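Everything in the sequence shown is counted per my numbering, starting at 1 for the first residue and increasing by one. Presented below is the structure to which this report refers.
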Amino acid sequence: MVTCARSASIGVVLAIVLAGASAHGQGNYRSAALGGRSALMGDTGVALGADSASPFLNPATIIAQERPTLALSINFVGRVVHVPDWYVPGAVATGTYGNIPRSGDGITRFSGSAIPSTLCFFQPLRRMGAPGEDKGRAGMQDLAVCFGTTELDQFEWIGQGYQAATVDRSLTQSSSVRNSWQRLVLSPTYAVYATDALAVGVSIQGSVTNYSAFEGVGGTTSGGAQPSTSNGFESGADGSDLGLSALVGAIYTIDRVTFGATVQSPDVSVYGRGSISNSSQFAGASTSMSTYFGRGEFHAREPARFALGIGYRWPVGSVELDGQLALADPHGLELDTYGTQIATLGASGTSASLLLTTRYRPTFNASLGGELFLSRSMSLLGGFGTDLSAVDTPTATSVASSQIDRLLLSFGVGTHGEAGSLLIGGQAYYGFGKMLAPNVYAVEPTPVATPAQTYGMLLVLAGTTNTKTIRSAVDALRKAVTPTPAEAR
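Written out as structure tokens, the structure is:
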């Protein structure tokens, strides 16, 4: 971490603060709903998974696909983020800034977006064993190739500001923030029935994590006994990381009950690069400035995780209960940069370094879901789950600047037939926790953890179809657009 003067710390601090100043994302392993059926059943699927979430929850469950199948899910997200004390989140240095007004210093942000979630192709393979040994499940095997967005968060607060005044002091503050966090995973998966009751599977997961942030803040204070002040900051951060991990799973079925278990290895960061730049200026009783730019390594590792699930099927439905434990990682997120610092106008730059880390704490999440068939072609789905953040308490030297715990409630309807299935529904959530906000009115400007709340609704649209249906649709389209010989004459 670079040691800087007062003005230098402002720019560095704000680069850190708003690099992750979003509702959730880093450290929320369920920030992106996976699949259709799994998402609508409270993010379950360790025991009875049967959609495009299977390779990411339990690779052994892809064995449920008995013919070539294409599965796709898309999410439409609407969200509200509320931070009651965004512009003045902490104690004020009244000797420098005076009696800062606090009325209406919170923010409320409404946003919406469409998110491609998962895309999978399932291909059953030839049964293992001698040709005559075709009874039971033993030897059945499946292969899948899946692509999914497993973590996602985007936040924008552009062209905003804050004005307030008292008889002693008035202030004007401008604020523009844009940041994003996304984790994309490509997951080739294989599963086989070792016996009639036991299936095992493995998924090799290659991940790309992209992180970026921009923040610009400017403000003035005037009036009263203290000198007028003016400050301005621009900060940005960026990072990309390529990682690898393995997920091993198994399911064991006894009559109508199925047990599921998975073990996921910690991420191995293959290659990651990142950078930070910031510039700050302050004018009041004294003046100061600072500029920093550095590049280095960026790593977004996820720790080892273990999951257990139990599911029960009966003729008209199913119910499942899952639990997942993620271990701690003292260096879950790390941005280590080296560059140049200029702390005095006209001075030469000096070598400096900045190391930001976020610790992941142990986290346990649970989910409960069910599906009830009203008929052979229609079902109702619902569930409840938790998405507790693994991020440790955010500090001035954290990469992640929010710690939001979420409660999820999902519901939906599905239609089923020979051609495939279509599911539509929603996942509502409530989040609560803390978010770092820049307190630029402190003696040494520093990020302060302040309460934050989030509300959201995720519209889930998902479907599966088999290759036979796809070929039939292609043939019908070809016939519709290709003239017959008689028409051609």
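By construction, the Cβ of each residue, glycine as well, lies at the ideal position given by its N, Cα and C atoms. Since we're looking at a predicted model, the values are computed, not measured.
**Request:** Report all residues from its chain with a CB closer than 6 angstroms to the CB of M41; omit the five preceding and five following residues, and keep chain order.
**Result:** G369, L381 and G383
**Nearest neighbour of R406, chosen from L436, T386, G260 and V413 [CA to CA]** = T386
**Asked** How many Å lie between R37 and L423 at the Cα?
**Response** 7 angstroms
**Asked** Excluding the five sequence neighbours on either side, which residues of its own chain have a C-beta within less than 6 angstroms of the C-beta of G136, listed in chain order?
**Response** D196
**Prompt:** So, are the CB atoms of R183 and S203 less than 7 angstroms apart?
**Reply:** no
**Prompt:** Within this structure, are the beta carbons of M457 and G414 separated by less than 7 angstroms?
**Reply:** no
**Spatial neighbours of F214 in its chain, beta-carbon cut-off 6 angstroms, leaving aside the 5 residues before and after** = R178 and G236
**Item:** Close Cβ partners of T220 (< 6 angstroms) along its chain, the five nearest in sequence each way excluded
**Value:** If the five residues before and after T220 are omitted, its C-beta is found closer than 6 angstroms to the C-beta atoms of T172 and S230, all from its own chain and listed in chain order.
**One or two residues paired with G369 in a DSSP bridge** = E320 and G383
**Message:** Let me check understanding here. Comparing Cα to Cα, which of P451, T446 and G463 lies closest to A93?
**Reply:** T446
**Item:** DSSP beta-bridge partners of S170
**Value:** A165 and S222
**Message:** Tell me the rounded alpha-carbon separation between Y29 and Q141.
**Reply:** Distance between the alpha carbons of Y29 and Q141 is about 29 angstroms.
**Message:** Considering only their Cβ atoms, is the gap separating L335 from G239 smaller than 7 angstroms?
**Reply:** yes
**Request:** Under 6 angstroms Cβ to Cβ from F110, same chain only, skipping five residues before and after it: list those, please.
**Result:** V80
**Item:** Among I254, T253, G216 and R273, nearest to D241 - alpha-carbon criterion
**Value:** R273
**Message:** For G224, which residues in the same chain have their Cβ closer than 6 angstroms to its Cβ, ignoring the five residues on either side in sequence?
**Reply:** G98, D168 and R169
**Asked** Under a Cβ-count criterion, where at least 16 other Cβ atoms within 10 Å of its own Cβ denotes burial, should Q264 be classed as buried or exposed?
**Response** buried
**Request:** Enumerate, from N- to C-terminal direction, the unbroken alpha helix (DSSP H) stretches of 4 or more residues contained entirely within the segment 191–272.
**Result:** Fully enclosed alpha helix (DSSP H) runs of 4 or longer: not present.
**Message:** Here's a check: name, in chain order, each residue in its chain whose Cβ is nearer than 7 angstroms to the Cβ of R256, leaving out the five neighbours to either side.
**Reply:** Y312, R313 and W314
**Prompt:** Which stretch, first to last residue, makes up the beta strand (DSSP E) that contains G433?
**Reply:** Segment G420 to N439, the beta strand (DSSP E) holding G433.
**Prompt:** When burial is assigned at 16 or more other CB atoms within 10 Å of the CB, is D475 buried or exposed?
**Reply:** exposed
**Message:** Tell me the DSSP secondary structure of P447 in three-state form.
**Reply:** strand
**Message:** If you follow the alpha helix (DSSP H) that G95 is in, where does it begin and where does it stop?
**Reply:** T94 to Y97
**Message:** On the criterion of 16 or more Cβ atoms from any shown chain inside 10 Å, does H299 qualify as buried, or is it exposed?
**Reply:** buried
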